[in-house]
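Notes to accompany the following structure.
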Amino acid sequence: MSGESIAAATGDILEVAGLSRNFGAIAAVADLSFKVREGEVKAVIGPNGAGKTTLFDMIAGVTAPSSGRITLAGERIERMPAHKRVDRGIGRTFQTLQIFTEMSVLENVVVGHYPRGHSGWVNALLRLPSGLSEERREREHAMALLERVGLADRANDRAGDLSFGDRKLLELMRALATGPRLLLLDEPAAGLSHAGAERMMEIVAELNADGLSVLLVEHNMRMVMNLSHDILVIGNGRFIAEGTPDAVRTNPDVIAAYLGEDEDA
Amino acid sequence: MSQTAATEAPPAGALPAHDDVRDDAREGTGGTDAAPAARPVRKPRLFARNAVSFVVLWALMIAVPFVAPNFYVVSLVNLFLIYVILIASLNLVIGFCGQISLGHAGFFGLGAYASGILSAKFGLTPWLGLPAAALAGGLGAFVIGLPALRLHGHYLAMATLGFNAILVVLFNELIPLTGGPNGLLGIEPFALGPIALDTDETVFWLVWIVSLVVMIAIANLVDSRMGRSLRAIGGSERGAASLGIDTYRTKLATFAIAGAMAGIAGSLYAHVNLYVSPETFSVFPSIMLLVMVALGGTGRLWGPIFGAAVFIAVPQVLLDFADLELLLFGLAMLIVLIGFPAGIAGLADGWRRWLK
Ligand SMILES: Nc1ncnc2c1ncn2[C@@H]1O[C@H](COP(=O)(O)OP(=O)(O)O)[C@@H](O)[C@H]1O
Ligand SMILES: [Mg+2]
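Chains C and V supply the protein sequences, listed in that same order.
Its first residue numbered 1, the first sequence is counted upward by one per residue in UniProt numbering.
Its first residue numbered 1, the second sequence is counted upward by one per residue in UniProt numbering.
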């Protein structure tokens, strides 16, 4: 264990123990164990195909583990369906964007409020006042989130018409609208311009400063080194190293497996 | 749907005005979060987007019984309104929720036979047959959706198609109830006290109001929390699940609601036509409904109105060329899919924007 930089007083938000996933003969993730402490940014890095997305999908509930345990704030969740894990506080973004292109920018973020909403099908068909006042609160809150990333002007535009970078920001704000305790970010800077990546980095740093725990998969080493309190390095689904950015940077196994080839990414 | 767990998670603190959208119980506990949006947010409309324009269109249709040159035109309008319900409910499943269904005419049939049999064989008033038909269509969709909505794409299409085929077999074989291939005779019309709604002009008013209510319900739904969640599934099922939406349950509910609406259309059809037979509810009409959804404009609220208009009007124009009609629909489908996937409603939107 390493990374004493975070106050030891806070507990673990996430604990992964002996987690594995096989696709046929491929062991996409093999016997991984690690923790994310409350309030920390933990990065998972490794070459393409290392199993990072598969790991995220297992934590989020999209892919069932072949074996192992996942514990969120003391509760075992590895058998819980994805939508229930969102209720428990897991928010995520995707490596390949999953925004709702036909809905407006504002609606995308309003949908993110789903876990905290109440109005059901009868309310929907009859357009009852209680549903409308709930919707008004959600809209105001969604607009505040859009303001935060400078997308408020685009609120009524079709989400599919946003630039790639703006779509990434939108997806992040949509995830934030669910009210997560742990945010899983799968390559948030991938495909962004230098300025876009810097911006994304600032936003993630802000969210973390506000207390949000983050599990980050990213190839942009500047972002990883700047944001992370702790880094887990994996290759071929297996553990390679874990530690503070400085410790990982100088770890010979890591240099051999990954950093050497990708330092200037 | 229980959302209690969500309120247990402590606020991440990352969200401005976070407590605004929390439970009353938690309201105010977060204290001094950032100010609410400086930018004014449009309040949700009292009436759903498009609901008002539907009311206007339906208001115009009040003139139909008075200006129609003959009863035949009124009967076509009745059929048009019934198909508006059918196509609009299918559009909910396909256009908004992104799930292919090739069995919608089956739910139409369940409603028609439920209401028709209750009337012809049990002497029950159509006023009870109508809700019974909604129940039959909704329940039928729920039962088929239970296994089928675990599937995606082609598999879902084939499962719903298979279900439709099974229903047609039942309509044909349960002769004591359905009358079999010869059809069900002896269905009574709706009646208001002593006045039977047994002419096209009188039953028009019933079809008119029921179709309007269904269309407003659909407009409401699309513009609501549950409607946004089902549209989210249509946009990205993975994305929707990542926001806490139980995608399977939501698809199932959407399917059942659409099935119930098809059932309502079935009841209207049975008591307007006073006769039903299996071929109206077979796989081929299901495919035609799908074509009309696409032709009208997939995932657009006005689409089904255009789709139904084309569906009713084209055979009238080509009365003597029944085979040509099929060819034309097939051709139209190809042109829509390749040339303007947004359908007629999409073209209309384009013109409107262009005119501005
Ligand atoms: N659904 C799947 N079916 C089969 N193999 C998969 C599937 N998903 C991922 N894999 C394999 O698992 C390994 C890890 O993939 P992934 O988790 O996407 O890696 P990363 O995100 O680190 O690039 C790769 O070898 C990939 O080909
Ligand atoms: Mg990946």
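Each residue gets a CB set at the ideal place from its N, CA and C atoms; glycine is no exception.
For the pair Ile87/V and Gly303/V, the CB atoms are nearer than the 9 angstroms cut-off. For the pair Met103/C and Val336/V, the Cα-to-Cα distance works out to about 22 angstroms. Residue pairing by DSSP places Arg225/V in no beta bridge whatsoever.
The beta carbon of Asp230/C sits no closer than 8 angstroms to any heavy atom of ligand 2.
Chain-ordered listing is empty here: chain C has no CB closer than 7 angstroms to the CB of Gly140/V, the nearest sitting near 18 angstroms. Separation of the CB atoms of Ser115/V and Leu130/V is rounded to 6 angstroms, and the pair is thereby assigned contact status at 8 angstroms.
Less than 9 angstroms divides the Cβ of Val276/V from the Cβ of Gly183/V.
Going by beta carbons, Glu187/C and Gln95/C fall inside the 9 angstroms limit. The region 126 to 134 of chain C makes no contact with the region 187 to 204 of chain C: fewer than 3 CB pairs, one atom from each, lie closer than 8 angstroms.
DSSP, read as helix, strand or coil, puts Phe239/C in strand. Note: Gly91/C is bridge-paired with Leu183/C in the DSSP secondary-structure output.
For the 9 angstroms CB-CB criterion, Ser213/C and Val41/C form a contact. In this model, Thr244/C and Gly165/C are separated by some 29 angstroms (Cα to Cα). Put simply, the CB of Pro65/C is far from chain V, with every gap to its CB atoms at 9 angstroms or more. Only residues of its own chain outside the window of five on either side were considered, and among them Pro189 have a CB closer than 7 angstroms to the CB of Asp198/V, listed in chain order. Judged by DSSP secondary structure, Ser33/C falls outside any alpha helix (DSSP H) and instead within the beta strand (DSSP E) spanning 26 to 37. Scanning chain C for C-beta atoms nearer than 7 angstroms to the C-beta of Met226/V yields Gly120, Trp121, Ala124, reported in chain order. Taking the Cα positions, Leu110/V is about 47 angstroms away from Arg181/C.
Exclusion of the five residues before and after Ile144/V leaves Phe163 as the residues of its chain whose Cβ lies within less than 6 angstroms of its Cβ. Environment of ligand 1, chain-ordered: Phe23/C, Gly24/C, Ile26/C, Ala28/C, Gly46/C, Asn48/C, Gly49/C, Ala50/C, Gly51/C, Lys52/C, Thr53/C, Thr54/C, Leu55/C, Gln95/C, Val217/C, Gly237/C, taking every residue with Cβ within less than 7 angstroms of a heavy atom. Chain C places a beta carbon closer than 9 angstroms to that of Arg39/V, counting this residue as a contact. Legend: CB atoms of the region 212 to 241 of chain V lying less than 7 angstroms from CB atoms of chain C belong to residues Ala217, Asn220, Leu221, Ser224, Arg225, Met226, Gly227, Arg228, Ser229, Arg231, Ala232, Gly235, Ser236, Arg238, Gly239, Ala241. The DSSP-derived three-state label of Phe340/V is coil. For Glu218/C, the three-state secondary structure derived from DSSP is coil. Where Phe71/V is concerned, the enclosing alpha helix (DSSP H) starts and stops at 71 to 91. Look at Glu75/C here: in three-state DSSP terms it is strand.
Here DSSP, grouped into helix, strand and coil, assigns Asn182/V to helix. Here DSSP, grouped into helix, strand and coil, assigns Arg85/C to helix. Taking 9 angstroms as the threshold, the shortest C-beta distance from His229/C to chain V does not fall below it. CA-to-CA, the gap between Ile240/C and Tyr114/C works out to about 38 angstroms. In this structure, Asp349/V has its beta carbon at no less than 8 angstroms from each heavy atom of ligand 2. A Cβ-Cβ separation of about 6 angstroms places His104/V in contact with Ala262/V under the 8 angstroms criterion.
Counting along the chain, no alpha helix (DSSP H) covers Asp210/C, and no H or E run does either. Boundaries of the alpha helix (DSSP H) harbouring Gly145/V: 126 to 148, taken from the DSSP string. Set against 8 angstroms, the gap from the CB of Glu171/C to the closest heavy atom of ligand 2 is not smaller.
Listed along the chain, the chain C residues whose CB falls inside 9 angstroms of the CB of Leu243/V are His83, Val86, Gly91, Val111, Gly112, His113, Tyr114, Pro115, Arg174, Ala175, Ala177, Thr178.
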